[in-house]
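Counting from 7, one number per residue, gives the positions in the sequence shown under the working numbering.
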Amino acid sequence: GRSMAELIAEGGRSFSFEFFPPADEAGEEQLWNAISALEPYRPTFVSVTYGAGGSSRDTTVRLTSRIARETDLLPVAHLTCVGHTREELDAILAEYAAGGVRHVMALRGDPEGGPRAEWTATPGGLEYASELVALAAARDFRIGVAAFPDRHPTSPSLDHDADVLVAKARAGAEFAVTQMFFTAADYVALVERVRAKGVDIPVLPGIMPILNLAAISRQSELIGADVPDHVVRRISAHDGDPARMRAEGIALATELCEELLDGGAPGLHFYTLNRSRATLEIFEQLNIRV
Ligand code: FAD
7 GRSMAELIAE GGRSFSFEFF PPADEAGEEQ LWNAISALEP YRPTFVSVTY GAGGSSRDTT
67 VRLTSRIARE TDLLPVAHLT CVGHTREELD AILAEYAAGG VRHVMALRGD PEGGPRAEWT
127 ATPGGLEYAS ELVALAAARD FRIGVAAFPD RHPTSPSLDH DADVLVAKAR AGAEFAVTQM
187 FFTAADYVAL VERVRAKGVD IPVLPGIMPI LNLAAISRQS ELIGADVPDH VVRRISAHDG
247 DPARMRAEGI ALATELCEEL LDGGAPGLHF YTLNRSRATL EIFEQLNIRV
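Given below as structure tokens:
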């Protein structure tokens, strides 16, 4: 089959949607409703995250194979090094393959203490995502990896982040998706740094609108960094008016998307939280129709 780089380049502008494994039946129904609502936008792929442990990990395996079986969508299954030996990781890759899933996001995952905490590899496990890329490449997967326009919270510098992305590309990654971020220039600078090192891996910017005050702290916990003041100010200005606050969050995300596409991003990757509404609102603001 064609590489993900080719698929991303195909229509001139790629869309992709990220979901998480739902915890119960109601969550599963909500997820499939979101998938149905977003499918007409013909995403290049849809991805399903991999949890910190327990049954959600099995759900990722089950869901991605169901997407492969029952839809025309291209599923990308996430996998992390957290709590797994190399043999276990290889066995999960084999399960993905058996379920008809040929694409993985190869990630290290965060330590239990969150993205800012110190990482210790599982005994018999892997130290860095680049090693998981190599493991998946040995099984002929097509592989995506994480990228960090804002700097990874435990990385010493933006240049180190670029070196890590280059190492993951050289290990066999075909595409990258960024952590959520707020400033288009930071994305453009990361891509320029990677290009200057001679690597042309497509980097899809990850978009997650902030729709309420709770989302500000949730996002900063997720990314291990503070949401910038100018963003917090624009959202907080509508305290007490949830509808206007939501509209402001959509407007902010739309501005970011426009700047990114103008700045040469090959597409947009949406962190949907298993809902379609915010993404559809952004599409409408961007004048993107099915
Ligand atoms: P790595 O590339 O291994 O980097 C981790 C840290 O090690 C960085 O600070 C990096 O600079 C450093 N590093 C890497 N290689 C080297 C080296 N050779 N020498 C020295 N330092 C090095 N988490 C989940 O649990 N489940 C998910 O499904 C999930 N999906 C994600 C999807 C996307 C698009 C993104 C951006 C993140 C996702 N995460 C997920 C979170 C991710 O696991 C964390 O951000 C994690 O801290 C970094 O993962 P990584 O794959 O970039 O790791």
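Beta carbons are placed, not taken as given, at the ideal position from N, Cα and C, and that holds for glycine. Keep in mind the model is a prediction, meaning the values are calculated, not measured.
- Scanning its chain for C-beta atoms nearer than 6 Å, with the 5 sequence neighbours on each side dropped, one finds around Asp232 the residues Ser226, in chain order.
- Short of 6 Å from the beta carbon of Thr55, and not among the five residues preceding or following it, lie these beta carbons of its own chain, in chain order: Phe26, His84.
- Beta-bridge partners of Met186 (DSSP): Gly212.
- A check of alpha carbon separations from Arg201 across Met186, Ala142, Ala168, Ile229 identifies Ala168 as the nearest.
- Between the region 141-156 and the region 181-191, the count of C-beta pairs closer than 8 Å reaches three or more; the two stretches touch.
- Rounded to whole angstroms, the gap between the alpha carbons of Tyr102 and Leu217 is 34 Å.
- In this structure, the CA atom of Phe187 is about 32 Å from the CA atom of Asp96.
- In this structure, Met10 sits away from Pro211, with a CB-CB distance that is not shorter than 9 Å.
- Gly255 sits in a helix when the DSSP states are folded into three classes.
- Contact between Val139 and Lys174 is confirmed by a C-beta separation of about 5 Å, below the 8 Å threshold.
- For Asp268, the closest alpha carbon among the candidates Ser42, Leu286, Ala249, Leu292 is that of Leu292.
- The alpha-carbon of Asp165 is positioned some 7 Å away from that of Arg199.
- In the three-state DSSP reduction, Leu85 falls in the strand class (E or B).
- Between the ligand FAD and the CB of Gln225, the shortest heavy atom gap is not smaller than 8 Å.
- Here the distance from the Cβ of Lys203 to the nearest heavy atom of the ligand FAD is not below 8 Å.
- Set against 8 Å, the gap from the CB of Gln185 to the closest heavy atom of the ligand FAD is smaller.
- As DSSP reads the structure, Phe25 sits in a beta bridge with Val54.
- Distances taken from the Cβ of His109 to the heavy atoms of the ligand FAD include none shorter than 8 Å.
- For Leu113, the shortest C-beta to heavy atom distance toward the ligand FAD is below 8 Å.
- Nearest C-alpha to Pro159 among Gly119, Pro28, Asn39, Ser22: Gly119.
- Cα atoms of Ala112 and Leu219: separation of roughly 31 Å, rounded to the nearest angstrom.
- By the neighbour-count criterion, in which a residue is buried when 16 or more other Cβ atoms sit within 10 angstroms of its Cβ, Val110 is buried.
- In the three-state DSSP reduction, Arg201 falls in the helix class (H, G or I).
- Judged by DSSP in its simplified three-state form, Ala11 adopts helix.
- Assigned with DSSP and collapsed to three states, Tyr277 falls in strand.
- Ile149 is bridged by DSSP to Val110.
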